[in-house]
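J.: Here it is, the structure, as structure tokens.
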Amino acid sequence: MNGEQERQAGAGMVATGLVPHLLSVAKSARQLMQLALADLDVAVGQDSFLLAFAGQEARSVIDLAVALSVRPSTVSKMVDILEKKGWAARGRDEHDLRKVLVKLTPEGLETRSQVVKIRSSLETQLRKMANGEDAIDLSALRRLDETLSKRLSRRR
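Counting in my numbering, the sequence shown runs from 160 upward without gaps.
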């Protein structure tokens, strides 16, 4: 056993298990993304929020919560932060005034565009690292993601 395996075994982790590897990959990918986004002043989670908008359309808080797999209150807090940055704005649905809609401002759309470029660059880097024998089965990852998201949505 090497030092890392001993540390994991001592911590009650199984080094060859799926969960520790998925958690480690998710953490590392998130950290790489955060480092790449630092110059834009985009924090963890804000990138996903910005990418939830395909363009200039407005989306309801509930719709965003479902798309991001978070609670509506989390979306509201995120909108508060992004409004202060000038990246998002709230409005009312003209057909249902009870419904709050969120849209990106021109500055938010520009930031979103930069986030898309950064994510694309990271995607390219990761694909170069994972080729040949180390190729990643994206369809298996997609299915696992969908399964986990469904289970989580039942608990929210």
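Don't be surprised by glycine CBs; every beta carbon is placed ideally from N, CA and C.
Give the straight-line distance between the Cα atoms of His-254 and Gly-204, rounded to the nearest whole angstrom.
T.: Distance between the alpha carbons of His-254 and Gly-204 is about 30 Å.
J.: Taking the alpha carbon of Leu-311 as the reference point, which residue from Val-234, Arg-189, Leu-196, Ser-228 has its own alpha carbon closest?
T.: The option with the nearest alpha carbon to Leu-311 is Ser-228.
J.: For Ile-277, collect the residues of the same chain with a Cβ closer than 7 Å to its Cβ; drop the 5 residues on either side in sequence, then sort them by chain order.
T.: Counting only Cβ-Cβ distances below 7 Å, and skipping sequence neighbours, we find Ala-195, Leu-196.
J.: Assuming Leu-241 and Val-234 form a contact by the criterion Cβ under 8 Å, report the distance between their Cβ atoms to the nearest whole angstrom.
T.: That belief does not hold up - the Cβ atoms of Leu-241 and Val-234 are roughly 10 Å apart, past 8 Å.
J.: How many whole angstroms separate the CB atoms of Val-274 and Leu-210, which I take to be in contact at a CB cut-off of 8 Å?
T.: Going by Cβ atoms, the distance from Val-274 to Leu-210 rounds to 6 Å, so yes, they are a contact pair.
J.: Quick one: residues in its chain with C-beta nearer than 8 Å to the C-beta of Ser-308, no 5 flanking neighbours on either side, listed in chain order?
T.: These residues qualify, in order along the chain: Ser-228.
J.: Quick check on Asp-206: buried or exposed, where buried means 16 or more other Cβ atoms within 10 Å of its Cβ?
T.: Buried, since its Cβ has 16 or more Cβ neighbours within 10 Å.
J.: Thr-264 and Gly-291: beta carbons closer than 7 Å?
T.: No, these two residues do not count as a Cβ contact at 7 Å.
J.: Fully enclosed by the segment 190 to 276, which alpha helix (DSSP H) runs are 4 residues long or longer?
T.: Listed in chain order, the complete alpha helix (DSSP H) runs (minimum 4 residues) inside the segment 190 to 276 are 205 to 210, 220 to 227, 231 to 244.
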